[in-house]
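To get this note's numbering, take the position in the sequence shown, counting from 1, and add 1196.
First the structure, in the form of structure tokens, and then the observations on it.
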Amino acid sequence: MFTTYIGSFPLSFSQENVRRVIDDVVNIGIDYPNYPQLRDFIEQFLEPHLMAGSLIKEEGQFRLRRVIDAKVDHSVSLTEARMTLEYARKKNYMEKVRGWRACVTGPFTLSSQIYVREGSGLEATAITDHEIVKTLAEYVGEVAKSMVRMGYTYICIDEPILGLIVGKRVIFYGYKVEEIVEILSTIFKRLEAKTRSIHVCGRVSPLLVETLASLPLEVLDHEFAGSPANLEIISREVLERYDKMLAFGCISTKRLKVEELNDVVRLILKAIERYGYERIFVVKPDCGFRGLRGLTTEEEAYKASIEKLRVLKRAASEVEARLGHRA
């Protein structure tokens, strides 16, 4: 059982802060560190289209100006990822971890932040335009492949919006399961990463779980600390039928209070009892830590994030010891 985290931290973007996070997570013993995502997870991946003139930004909103190019130069989106591996190699951290994880915001979530008409709801955004979403999927695939070429072996596509789009029985904005699978598969089929994953936070529906499980990837990434109902919604039968593993969220990313070790251990053991040890690939926080920044000072929020990761690592080690698995 390994440890990781989603990516974001409540620190402002700077080379110094990127290096600070890397030092801290490697010293804690996180098995698959993600590059420190210190920019907004939408802006990071839409900035290339802003620079190319396909998008404009007005009053804090991205608006479509002309056709989006899937092959746009996306090097600006890779800044933190590049800094991370350069620093890790310089500090000889590559041998201290099992691999490096890279998060990339997915096409549905990106499109939900691009306005194509007047209005303020999702119906005014590009998520209603299936062709734009398909183009963004090609673009996200190119970004993900760049991450792999840099040296990242564990790629996770972040699609929080899918929790709102795919309900218990209804899929909004004219999508069908087959089309969602086809769009996301364009990313994963061409992705030569050792571990491919998709992250959807919040409570998920059985229909969404089945949809994601049918994708050509290895790991489904969900939250369970903040959404305990997911323990019942996500079944062992679905994981076994599609041969998927879980990235199991067991640390809150909405509260500053650091979890008690025993509480995290109990939640992980509950997951193992329900899904089987072999189906838990990594344990992790529910989501990114960026949201903690609004609860206190940047420094205090960051300290809480690191303490939560320390508890996570200790909990994983405690579970392994109890079960008699690897140290």
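Beta carbons: idealized from backbone N, C-alpha and C, even for Gly.
Nothing here was measured: the structure is a model prediction, and the numbers come from that model.
query: Ile1351 to Lys1364, Cα distance in whole Å?
result: As a position in the sequence shown, residue 1351 is number 155, starting the count at 1. As a position in the sequence shown, residue 1364 is number 168, starting the count at 1. Their Cα atoms are separated by approximately 27 Å.
Task: Gly1484 beta carbon less than 9 Å from that of Ser1448 - done: By one-based count along the sequence shown, residue 1448 stands at place 252. By one-based count along the sequence shown, residue 1484 stands at place 288. No, they are not a contact pair.
Quiz item: With 16 as the cutoff for other CB atoms within 10 Å, does Val1396 come out buried or exposed?
Solution: Here residue 1396 refers to the residue found at position 200 of the sequence shown. Buried, because 16 or more other Cβ atoms sit within 10 Å of the Cβ of Val1396.
- Query: Within 10 angstroms of its Cβ, does Val1221 collect 16 or more other Cβ (buried), or is it exposed?
  - Reply: Numbered from its first residue, the sequence shown carries residue 1221 at position 25. It is buried - the Cβ of Val1221 has at least 16 other Cβ atoms within 10 Å.
Just to confirm before moving on: does the CB-CB distance between Leu1416 and Ser1431 stay below 9 Å?
To locate residue 1416, count along the sequence shown from 1; it is residue 220. To locate residue 1431, count along the sequence shown from 1; it is residue 235. Their beta carbons are not under 9 Å apart, which means Leu1416 does not touch Ser1431 by this criterion.
Should Val1217 be labelled buried (16 or more other beta-carbon atoms within 10 Å of its own) or exposed? In the sequence shown, the residue the question calls residue 1217 occupies position 21. So Val1217 counts as buried.
_Checking the sheet assignment: what are the DSSP bridge partners for Asp1354?_
If you number the sequence shown from 1, residue 1354 lands on position 158. DSSP, once it has assigned bridges, lists Thr1301, His1395 as partnering Asp1354.
message = Would you call the stretch 1396-1410 in contact with the stretch 1461-1475, where contact means no fewer than 3 C-beta pairs closer than 8 Å?
response = no
Inter-residue Cα distance where the pair is Arg1259 and Pro1244: Residue 1259 sits at position 63 when you count from the first residue of the sequence shown. Residue 1244 sits at position 48 when you count from the first residue of the sequence shown. Whole-angstrom Cα-Cα distance: 14 Å.
**Asked** Distance, Cα to Cα, Tyr1513 vs Leu1411?
**Response** By one-based count along the sequence shown, residue 1513 stands at place 317. By one-based count along the sequence shown, residue 1411 stands at place 215. As written in the sequence, residue 1513 is Ser, which differs from the Tyr given in the question. Approximately 31 Å, taken between the alpha carbons.
Ala1523 - DSSP class collapsed to helix/strand/coil: The count along the sequence shown starts at 1 and reaches residue 1523 at position 327. Residue placement at Ala1523 cannot be trusted, given a pLDDT of 43 that sits under 50; what the coordinates show is reported in the next sentence. Coil.
- Query: In whole angstroms, what is the alpha-carbon distance linking Leu1508 and Thr1199?
  - Reply: As a working note, residue 1508 is residue 312 in the sequence shown. As a working note, residue 1199 is residue 3 in the sequence shown. Taking the straight line from one Cα to the other gives about 7 Å.
Quiz item: Applying the criterion that 16 or more other CB atoms from any shown protein chain within 10 Å of the CB defines a buried residue, is Ala1523 buried or exposed?
Solution: To locate residue 1523, count along the sequence shown from 1; it is residue 327. Any reading at Ala1523 is ruled out, since the residue's pLDDT is 43, under 50, leaving its predicted position unreliable.
At which residues does the beta strand (DSSP E) containing Asp1325 begin and terminate? Indexing the sequence shown from 1 puts residue 1325 at position 129. Asp1325 -> no beta strand (DSSP E), and no H or E assigned at all.
Checklist entry - Any idea what DSSP makes of Gly1317, helix, strand or coil? => result Residue 1317 sits at position 121 when you count from the first residue of the sequence shown. If DSSP states are grouped into helix, strand and coil, Gly1317 belongs with coil.
Rounded to whole angstroms, what is the Cα-Cα separation between Leu1387 and Ala1340? For the purposes of this step, residue 1387 is taken as residue 191 along the sequence shown, with counting starting at 1. For the purposes of this step, residue 1340 is taken as residue 144 along the sequence shown, with counting starting at 1. Whole-angstrom Cα-Cα distance: 7 Å.
**Message:** So, at 8 Å on beta carbons, what are the nonlocal neighbours of Glu1496 in its own chain, with the 5 sequence-adjacent residues on each side left out?
**Reply:** The residue labelled residue 1496 in the question sits at position 300 within the sequence shown. Leu1452.
TODO: Buried or exposed for Met1247, please, with buried defined as at least 16 other CB atoms from any protein chain shown within 10 angstroms of its CB.
DONE: The sequence position of residue 1247 within the sequence shown is 51, counting from 1. Exposed.
With a CB to CB cut of under 7 Å and the five nearest residues on each side skipped, what residues in its chain are close to Asp1265? One-based indexing of the sequence shown puts residue 1265 at position 69. Ala1248, Ser1250.
Helix, strand or coil for Leu1349? Go by DSSP, reduced to three states.
Walking along the sequence shown from the start, residue 1349 turns up at place 153. Sequence check: residue 1349 is Thr here, not Leu. Residue state, collapsed to three classes: coil.
* Exposed or buried, which one is Asp1269 when buried takes at least 16 other CB atoms within 10 Å? -> For the purposes of this step, residue 1269 is taken as the residue at position 73 of the sequence shown. Asp1269 is exposed by the Cβ-count criterion.
Alpha carbons only, please: which of Asn1458, Ile1383, Ser1308 is nearest the one belonging to Val1515?
Residue 1515 sits at position 319 when you count from the first residue of the sequence shown. Answer by Cα proximity: Asn1458.
Are Arg1294 and Asp1227 touching if we call contact CB-CB under 9 Å? As a first step, residue 1294 must be located in the sequence shown, where it is residue number 98. As a first step, residue 1227 must be located in the sequence shown, where it is residue number 31. Yes, the pair counts as a contact, with Cβ atoms nearer than the cut-off.
Q) For Tyr1539, which of helix, strand or coil comes out of DSSP? A) Nothing can be reported for residue 1539: it is not among the residues displayed for the chain, which extend from 1197 to 1523.
*For Thr1382, name the three-state secondary structure that DSSP assigns.*
Your numbering for residue 1382 matches position 186 in the sequence shown. Correct three-state label for Thr1382: helix.
Check your understanding: What first and last residue would you give for the alpha helix (DSSP H) that runs through Gln1211?
Key -> Here residue 1211 refers to the residue found at position 15 when the sequence shown is read from its first residue. Gln1211 -> alpha helix (DSSP H) spans 1211-1224.
message = By the three-class DSSP mapping on this structure, what secondary structure does Thr1200 have?
response = Translated into the one-based positions of the sequence shown, residue 1200 becomes position 4. Three-state result, Thr1200: strand.
How close, in whole Å, do the beta carbons of Met1279 and Val1479 come, if the pair is a contact with beta carbons under 8 Å? On the sequence shown, position 83 is the one that residue 1279 refers to. On the sequence shown, position 283 is the one that residue 1479 refers to. Actually they are not in contact, since the Cβ atoms of Met1279 and Val1479 sit about 26 Å apart, beyond 8 Å.
Quiz item: So, is Pro1424 buried or exposed, given that buried needs 16 or more other C-beta atoms within 10 angstroms?
Solution: Numbered from its first residue, the sequence shown carries residue 1424 at position 228. So Pro1424 ends up on the exposed side.
> Who are the near neighbours of Leu1427 in its chain, counting only those whose CB is closer than 8 Å to its CB and skipping five residues on each side?
Replying inline: Position 231 of the sequence shown, counted from the first residue, corresponds to residue 1427. So the qualifying residues of the chain are Phe1420, Lys1466, Ala1467, Arg1470.
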